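Enquirer: Residue numbers for the sequence shown follow this note's numbering, beginning at 13 and rising by one. Yeah, the Cβ is synthetic: ideal placement off N, Cα and C, and Gly gets one too. The structure displayed is predicted, hence computed values, not measured ones. Got a structure for you, written out below as structure tokens; questions coming shortly.
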Amino acid sequence: QFASSRRHGRAATTLHGPLCELHIVAMQSARGVLCVAQSLRHVVSPPCASMAFARWAPISNVAFPLSAALQPDAPAIPRVLSVWEQARGFAANTTEAAPELESKQGGRRKRKESFRMTQASVPVERVTVGPIDTFKPVAVLPEEQGTRRNIEAVVRDMGGKEVGTVLLKGDVFDVPIRADLVHEVVVWQLACRRQGTHRTKSRAEVKRTGRKPHNQKGTGRARQGDLKGPHHSGGGHAHARRNRDYSFKMNKKVQRLALCATLSARLAEGSLLVIDRLEVEEPRTKWVAGQLRRMTDTSSAAGGKPPELPRTLVVGEYEDEAEFAKFVRGSNNLQEVEACQQSDLNVYSILHRRKLVITRDALISLQERLTAPIVRIRSY
Numbered sequence: 013q014f015a016s017s018r019r020h021g022r023a024a025t026t027l028h029g030p031l032c033e034l035h036i037v038a039m040q041s042a043r044g045v046l047c048v049a050q051s052l053r054h055v056v057s058p059p060c061a062s063m064a065f066a067r068w069a070p071i072s073n074v075a076f077p078l079s080a081a082l083q084p085d086a087p088a089i090p091r092v093l094s095v096w097e098q099a100r101g102f103a104a105n106t107t108e109a110a111p112e113l114e115s116k117q118g119g120r121r122k123r124k125e126s127f128r129m130t131q132a133s134v135p136v137e138r139v140t141v142g143p144i145d146t147f148k149p150v151a152v153l154p155e156e157q158g159t160r161r162n163i164e165a166v167v168r169d170m171g172g173k174e175v176g177t178v179l180l181k182g183d184v185f186d187v188p189i190r191a192d193l194v195h196e197v198v199v200w201q202l203a204c205r206r207q208g209t210h211r212t213k214s215r216a217e218v219k220r221t222g223r224k225p226h227n228q229k230g231t232g233r234a235r236q237g238d239l240k241g242p243h244h245s246g247g248g249h250a251h252a253r254r255n256r257d258y259s260f261k262m263n264k265k266v267q268r269l270a271l272c273a274t275l276s277a278r279l280a281e282g283s284l285l286v287i288d289r290l291e292v293e294e295p296r297t298k299w300v301a302g303q304l305r306r307m308t309d310t311s312s313a314a315g316g317k318p319p320e321l322p323r324t325l326v327v328g329e330y331e332d333e334a335e336f337a338k339f340v341r342g343s344n345n346l347q348e349v350e351a352c353q354q355s356d357l358n359v360y361s362i363l364h365r366r367k368l369v370i371t372r373d374a375l376i377s378l379q380e381r382l383t384a385p386i387v388r389i390r391s392y
């Protein structure tokens, strides 16, 4: 049972008569070796047991004998600890082996196997650029887009005055723009929004008489059994619609990557405005519209006309709940403006509006949420 388990890697056993010679092939972790060693004491007797631990095909001729650690006179705990230490030392010596390995499963093909038991994660140094104005239209995307650079963005107040800078993480705002993932997530969002409560009656459910309308022969007309068919007026539907759920599963990693790609696209095209905080003097439509026109105006108005109000998405944080409520109340009558909390930010809302306005606190919370480890809930 422990040899056929896939939890600790692939294993193959070979038993030869009373000697009970056991070979463990391609064990991928020292934890698996420890499990095998603990099970071996109960399955076979230590005096007649020998075990060989080796990596895959390129170094299959290198055998690591563990029979010395399975002597009957050795205590149980030191015996297992010695197996663990020897396996770690063997793995450290074989880490620099050739990465291209051959496997007989599915034909002879080359595979890449990484032996990561003793490898430590190396921190990646990010390049920081800026400060730059992220709300400046760009005609052509820069060549550096998608290199995961950390960017210092200019922060403005509600009046358009610079009040500081904020760091935009490259893992969120400078990832490659994957249009295919964005399309998949948009289709998934629109599918999940569908209610699916449609229902029509088939010919078996429609309430009509079941008598035969006329004789089978002699009338010159087509034969009919009843008047419930879809070709009759008042009959049922040929393929009646039923209640159904249109939603489908979308991986959290894909959702997060598509959201980061959308944010990176808004930053790269110069449609991202970072403000210090929402300061609403009065929750009125006229005041909110005028303030947004002044904040999002990137060119001088011609002929004295006020600048047009672009389609804007304003993202706030729960800490400014009172000010955010005032802004929502003042922007309810504006079709071009949509307001949401940072926890409700999604791909479709960003693509539906041309400009993205986000507060400093909401930006920091959004970056923490998108860079935190994904929590997977397992159902048994």
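(1) Exposed or buried, which one is G232 when buried takes at least 16 other CB atoms within 10 Å?
(2) Quick check on DSSP: helix, strand or coil for R341?
(3) For S377 and A334, what's the separation of their Cα atoms in angstroms?
(4) For the segment 351-368 against the segment 197-208, do three or more pairs of beta-carbon atoms, one drawn from each stretch, fall closer than 8 Å, so that the two count as touching?
(5) Compute the distance between the beta-carbons of L285 and V340, then report whether it is under 7 Å.
(6) Quick check on this structure: which residue in E331, H251 and S283 has the alpha carbon closest to the alpha carbon of R365?
(7) Beta-carbon within less than 7 Å of Q117's beta-carbon, same chain only, minus the 5 sequence neighbours each way: which residues are those?
(8) What residue does the alpha helix (DSSP H) around E196 start on, and which one ends it?
(9) Compare the Cα-Cα distances from E174 to each of F336, F147 and A374 and report the closest residue.
(10) Work out the CA separation of K264 and R254 for me, nearest whole Å.
(11) What is the DSSP secondary structure of I389, counted as helix, strand or coil?
(12) What's the gap between the Cα of P149 and the Cα of H251?
(13) Is it buried or exposed for A216, if we count other Cβ within 10 angstroms and need 16 for buried?
(14) Please list the terminal residues of the continuous alpha helix (DSSP H) segment that includes T393.
(15) Under 6 Å Cβ to Cβ from P77, same chain only, skipping five residues before and after it: list those, please.
(16) Mapping DSSP to helix, strand and coil, what is S355?
(17) Thinking C-alpha only, which one of R289, L271, L346 and G302 is nearest G176?
(18) Using a Cβ-Cβ cutoff of less than 8 Å, which residues in the same chain neighbour D183 once the five nearest sequence positions on both sides are dropped?
(19) Report, in whole angstroms, the separation of the C-beta atoms of R190 and A280, which I expect to be a contact under 8 Å.
(20) My parser needs the beta strand (DSSP E) runs of 3 or more residues fully inside the segment 275-333; what are they?
(21) Excluding the five sequence neighbours on either side, which residues of its own chain have a C-beta within less than 8 Å of the C-beta of G247, listed in chain order?
(22) Short of 6 Å in beta carbon distance, which residues of its chain neighbour P322, apart from the five on each side in sequence? Order them along the chain.
Expert: Looking at the atomic coordinates:
(1) Along the sequence shown, read from residue 1 onward, the residue named residue 232 stands at position 220. With fewer than 16 other Cβ atoms within 10 Å, it is exposed.
(2) To locate residue 341, count along the sequence shown from 1; it is residue 329. Of the three classes helix, strand and coil, the one that applies to R341 here is helix, per DSSP.
(3) Sequence index remark: in the sequence shown, residue 377 carries index 365 (1-based). Sequence index remark: in the sequence shown, residue 334 carries index 322 (1-based). Straight across, the Cα-Cα distance linking S377 with A334 is about 18 Å.
(4) yes
(5) Stepping through the sequence shown from its first residue, residue 285 is reached at position 273. Stepping through the sequence shown from its first residue, residue 340 is reached at position 328. No, the Cβ-Cβ distance between L285 and V340 is not below 7 Å.
(6) On the sequence shown, residue 365 is found 353 positions in, with the first residue counted as 1. Minimum Cα distance to R365 is reached at S283.
(7) Within the sequence shown, numbered from 1, the residue matching residue 117 stands at position 105. Summary for Q117: the model assigns pLDDT 45, below 50, so the residue's position carries little reliability; its value from the coordinates is reported in the next sentence. Cβ within range, chain order: n/a, list empty.
(8) Working through the sequence shown from its first residue, we reach residue 196 at position 184. Here the alpha helix (DSSP H) through E196 covers A191 to R205.
(9) Residue mapping note: residue 174 aligns to position 162 of the sequence shown, counting from 1. Ranking the options by Cα distance to E174, first place goes to F147.
(10) As a working mapping, residue 254 is identified with position 242 in the sequence shown. As a working mapping, residue 264 is identified with position 252 in the sequence shown. If I take the Cα positions, the gap works out to 30 Å.
(11) Your numbering for residue 389 matches position 377 in the sequence shown. Three-state result, I389: coil.
(12) By one-based count along the sequence shown, residue 149 stands at place 137. By one-based count along the sequence shown, residue 251 stands at place 239. For P149 and H251, the distance between alpha carbons rounds to 51 Å.
(13) Residue 216 sits at position 204 when you count from the first residue of the sequence shown. It is exposed - the Cβ of A216 has fewer than 16 other Cβ atoms within 10 Å.
(14) Shown here, the chain extends from 13 to 392; a query on residue 393 therefore has no answer.
(15) Here residue 77 refers to the residue found at position 65 of the sequence shown. Note that P77 has pLDDT 44, beneath the 50 cutoff, so the model's placement of it is unreliable and the number below is only indicative. Answer for P77: no residue qualifies.
(16) Position 343 of the sequence shown, counted from the start, is the residue given in the question as residue 355. S355: helix per DSSP, three-state reduction.
(17) Within the sequence shown, numbered from 1, the residue matching residue 176 stands at position 164. Taking only the C-alpha atoms, the option nearest G176 is R289.
(18) On the sequence shown, residue 183 is found 171 positions in, with the first residue counted as 1. Excluding positions up to five away in sequence, the list reads R160, C272, L382 and T383.
(19) Within the sequence shown, numbered from 1, the residue matching residue 190 stands at position 178. Within the sequence shown, numbered from 1, the residue matching residue 280 stands at position 268. With a Cβ gap of about 13 Å, R190 and A280 do not count as contacting.
(20) Fully enclosed beta strand (DSSP E) runs of 3 or longer: 284-287 and 324-328.
(21) Along the sequence shown, read from residue 1 onward, the residue named residue 247 stands at position 235. The answer, listed in chain order, is R215, V218, R220, L239, K240 and G241.
(22) Position 310 of the sequence shown, counting from 1, holds the residue named residue 322. Within the same chain, P322 has close Cβ partners T308, R366 and K367.
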